[in-house]
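For the record, the sequence lines run as chains A and B.
Counting from 1, one number per residue, gives the positions in the first sequence under the numbering used here.
Counting from 1, one number per residue, gives the positions in the second sequence under the numbering used here.
Note that the Cβ used here is the ideal one computed from N, Cα and C, for glycine as well.
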Amino acid sequence: MSQETQLTLGRMEAGQTGTIIQILGGRGLTQRLKALGIRPGKKVTKISSMLFRGPVTLRVNHTQVALGFGMANKILIEIDKSA
Amino acid sequence: MKILLMGNPNVGKSVLFSRLTCTRTIASNYPGTTVGFTRGYLKLGEAQVEIIDVPGTYTLEPTSKAEQIAAEMLKEGDLVIDVVDATNLERNLNLTLQLLERPVPVIVALNMWDDVHHRGINIDVARLEELLGVPVVPTVGVTGQGIRELVSRLLEAAAPQVIYSSSDERWAKIGDFVSQVQSLSHRHHTWREVLEDASNHPAGGAAIALLVLVVTFFVIRLIGEGIINYVTDPLFNWLWTPLLMKLSFALGSGGFWHNILVGRLINGEIDYFQSLGLLSTGLYIEFGVVVPYIFAFYLVLGILEDVGYLPRLAVLMDTLMHRLGLHGYAIIPTILGFECNVPAVMATRILESRRERFIAATLISIGVPCAALQAMIIGLVGQQGMQYVAIVYGSLFVSWIIIGLILNHTVKGFSPELIMEIPPYRFPPWRVVGEKLWLRVSSFIKEALPIVLGAVLVVNILYTVGIFDFMANIAAPIVSGLFGLPKETVVALAIGFLRKDVAVGMLAPLGLTAKQLVISTTVLAMSFPCVATFVVLARELGARDMLKATGIMIAAALIVGSLLNLIM
């Protein structure tokens, strides 16, 4: 059985893995993220977030990318939670 | 024929460029090392072809100024070598497929091939070549593996011109390609990755940053002092001084040429700080004080750049940097400033907005002393005790923060958020570290030596003619009144415009107290940038913003100098 929940990348916990459902932003943001390989359907793992609304680091494919907190909150994720 | 080297940021284009052209360029492990473009030449059979190292870009649909440059340069190329990071096929292929839509022939260099196996990735190169319809050659830039094959297959480059109707369609195709050519095998965490994870964690990251800072400073000091005590000082004292004394005797121990070349004898001896001759003070400041530290700084910071630590520092510092109107990425040009402010100001191009570039460049010119200046500060102020060196660095750091806070509130515009790729830690072969160090140190000597000698000559002549007294008397109210310094220091402060290291050298014979040394070196570090930095500031920011930045520097130097005088 697996149970799924949706939340933004900013609110994910470090170590969690999920699939990007949607980028809640304008064309500019979507394009920039896409160029880095961050787009709907991709599996991402959150690695860490810095304190005080600092940047979020995630792994997508074999790369690590750091994003500002605001951007991270515009990325909607469906968590893979295997029971 | 013009060949363009194109690819995503930090895939090793500059390393391949050096390999192909046998010219040496600076490569580091962070995205955006190449902000301008470099040309070189390759002999292809009988013909001489031009190779251009294009700044990295993720896409031909530009999202920043650097990417725009890359997209525009594509129009001029006759052939493109698309450099692909083999460990990151999917994202890199996005640019590749965009390139393959264009009418220009493309050949793919599958770089970082050695890293692929470490990461448990298997790529079917023959199949990839078939799917793309252009030659694909696995390469390892740092060792040179695959370069010969790349060159021999250059003319096989093809332009399939497969056009996709939308980026989604292109991504779907990439997904299809990757699933056909790449397979992953499971493997355990390497200690590199453990280290990577530790430095991403807030507490672990802060601890590592502190450790790096402390170790960096001590290693630089150890190497710099070591070279001075065991190499350069013995050479000067045992070899050069006797030679100079012979020359001095031959010139009759006085006269015009004696004063220019050997300088004044102090109690019948050469004093490397006070004699002011081209062959005494001039050479000593350059080779006896500055170059040992240049060597130390460039070695240690060069390793930090190559290992890939700086992007992690950028993430860690992002929150603080936002308070200063910047984002974390700005820490990279700032750290480069500790080597030399000139490339640091140029590196601010990686920042997206004009406002950020202005703030970053101004803060670098004020609060970040270059390696040559630091060499002199550590050498001269350090004689009085390291706590005084700490006061100089502390004052600069506090000013850097306060001026940043002020600029963040006063400069119009907004600062965008951080978005950057974090490269894996890489440990460059010693040969690569050595080549980069040699390139930087030798170009430092070439560029700095004429100006150092020129500055010493100017000081010498001004001294002889007696203009110094005149200058000193005019500026006395500021220097003595505000800073509590003897009026002779005016000369040193003025020379700072030419070269800061020579300027600090001019302070040596004045017999200043520790407090006066702290104030004068701090003011020197903060006020006018040196001529070279001045020129890049004007070029990068425009004349108006450069003057604005200079105004801020002078005001800051006046305030901090007076405050130090009051407090200490």
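Does DSSP put residue i in a helix, in a strand, or in coil?
{"i": "I270 of chain B", "result": "coil"}
{"i": "Y298 of chain B", "result": "helix"}
{"i": "M1 of chain B", "result": "coil"}
{"i": "P135 of chain B", "result": "coil"}
{"i": "T38 of chain B", "result": "strand"}
{"i": "N10 of chain B", "result": "coil"}
{"i": "A109 of chain B", "result": "strand"}
{"i": "G288 of chain B", "result": "helix"}
{"i": "L482 of chain B", "result": "helix"}
{"i": "A157 of chain B", "result": "coil"}
{"i": "I123 of chain B", "result": "strand"}
{"i": "K87 of chain A", "result": "Lying outside 1 to 83, the shown extent of chain A, residue 87 of chain A is not represented and no answer is given."}
{"i": "K43 of chain B", "result": "strand"}
{"i": "G277 of chain B", "result": "coil"}
{"i": "D80 of chain A", "result": "strand"}
{"i": "E488 of chain B", "result": "coil"}
{"i": "D545 of chain B", "result": "helix"}
{"i": "L79 of chain B", "result": "strand"}
{"i": "L16 of chain B", "result": "helix"}
{"i": "G561 of chain B", "result": "helix"}
{"i": "E50 of chain B", "result": "strand"}
{"i": "G505 of chain B", "result": "helix"}
Indicate whether at least one CB of chain B lies closer than 9 Å to the CB of residue i.
{"i": "T57 of chain A", "result": "yes"}
{"i": "G34 of chain A", "result": "A small correction: the amino acid at residue 34 of chain A is Lys; Gly does not occupy that position in the sequence shown. Yes, K34 of chain A lies at the interface with chain B (some Cβ there is under 9 Å from its Cβ)."}
{"i": "L51 of chain A", "result": "yes"}
{"i": "Q16 of chain A", "result": "no"}
{"i": "G25 of chain A", "result": "no"}
{"i": "Q22 of chain A", "result": "no"}
{"i": "G10 of chain A", "result": "no"}
{"i": "M1 of chain A", "result": "Caution applies to M1 of chain A, whose pLDDT of 40 falls short of 50 and renders its modelled position unreliable; the value that the coordinates give is listed next. Judged by the 9 Å Cβ criterion, M1 of chain A is not in contact with chain B."}
List, in order along the chain, the chain A residues whose C-beta lies closer than 7 Å to that of residue i?
{"i": "S167 of chain B", "result": "K34"}
{"i": "N88 of chain B", "result": "N61, H62, T63"}
{"i": "H201 of chain B", "result": "S48"}
{"i": "R91 of chain B", "result": "L36, G37, N61, T63"}
Listing by chain order, which chain B residues have their CB less than 7 Å from the CB of residue i?
{"i": "M71 of chain A", "result": "E417, I419"}
Closest Cβ-Cβ distance between residue i and chain A: below 9 Å?
{"i": "W171 of chain B", "result": "yes"}
{"i": "R119 of chain B", "result": "yes"}
{"i": "D197 of chain B", "result": "yes"}
{"i": "R499 of chain B", "result": "no"}
{"i": "I123 of chain B", "result": "no"}
{"i": "G205 of chain B", "result": "yes"}
{"i": "L16 of chain B", "result": "no"}
Below 8 Å on C-beta distance, what does residue i contact in chain A?
{"i": "D469 of chain B", "result": "Going along chain A, no residue has its Cβ under 8 Å from D469 of chain B, so there is no contact; the nearest lies around 55 Å."}
{"i": "I422 of chain B", "result": "T57, T63, Q64, V65, A66"}
Name the chain B residues that come within less than 8 Å of residue i, Cβ to Cβ?
{"i": "L76 of chain A", "result": "Going along chain B, no residue has its Cβ under 8 Å from L76 of chain A, so there is no contact; the nearest lies around 17 Å."}
Identify the contact partners of residue i in chain A, using a Cβ-Cβ distance below 9 Å as the criterion.
{"i": "V94 of chain B", "result": "It is worth fixing the name first, because residue 94 of chain B is Asn in this sequence and not Val. Within chain A, the residues near N94 of chain B are K34, A35, G37."}
So does residue i have its beta carbon nearer than 8 Å to some heavy atom of the ligand SAH?
{"i": "I406 of chain B", "result": "Annotation note on the ligand SAH: not contained in the displayed structure, which lists no ligands."}
Listing by chain order, which chain B residues have their CB less than 9 Å from the CB of residue i?
{"i": "Q6 of chain A", "result": "Correct list: empty, because the minimum Cβ distance to chain B is about 22 Å."}
Fill in: Every unbroken beta strand (DSSP E) inside the stretch 171–248 of chain B [3 residues or more]
182–184
Practice prompt. Note down, in chain order, all residues in the stretch 308–331 of chain B with a beta-carbon under 8 Å from any beta-carbon belonging to chain A.
Written response: P311, A314, V315, L316, D318, T319, H327, G328
Worksheet item: Any residues in the stretch 54–80 of chain B with a beta carbon nearer than 7 Å to a beta carbon of chain A? Which ones, in chain order?
Response: Listed in sequence order: Y58, T59, E61, T63.
Worksheet entry | Ranges of the beta strand (DSSP E) found wholly within the stretch 5–72 of chain A, counting only runs of at least 3 | 17–23, 43–49, 56–60, 63–67
Fill in: Within the stretch 388–461 of chain B, ranges of the beta strand (DSSP E) (whole runs, at least 3 residues)
419–422
Fill in: Ordered list of alpha helix (DSSP H) runs contained in the stretch 342–392 of chain B, each at least 4 residues
354–367, 371–380
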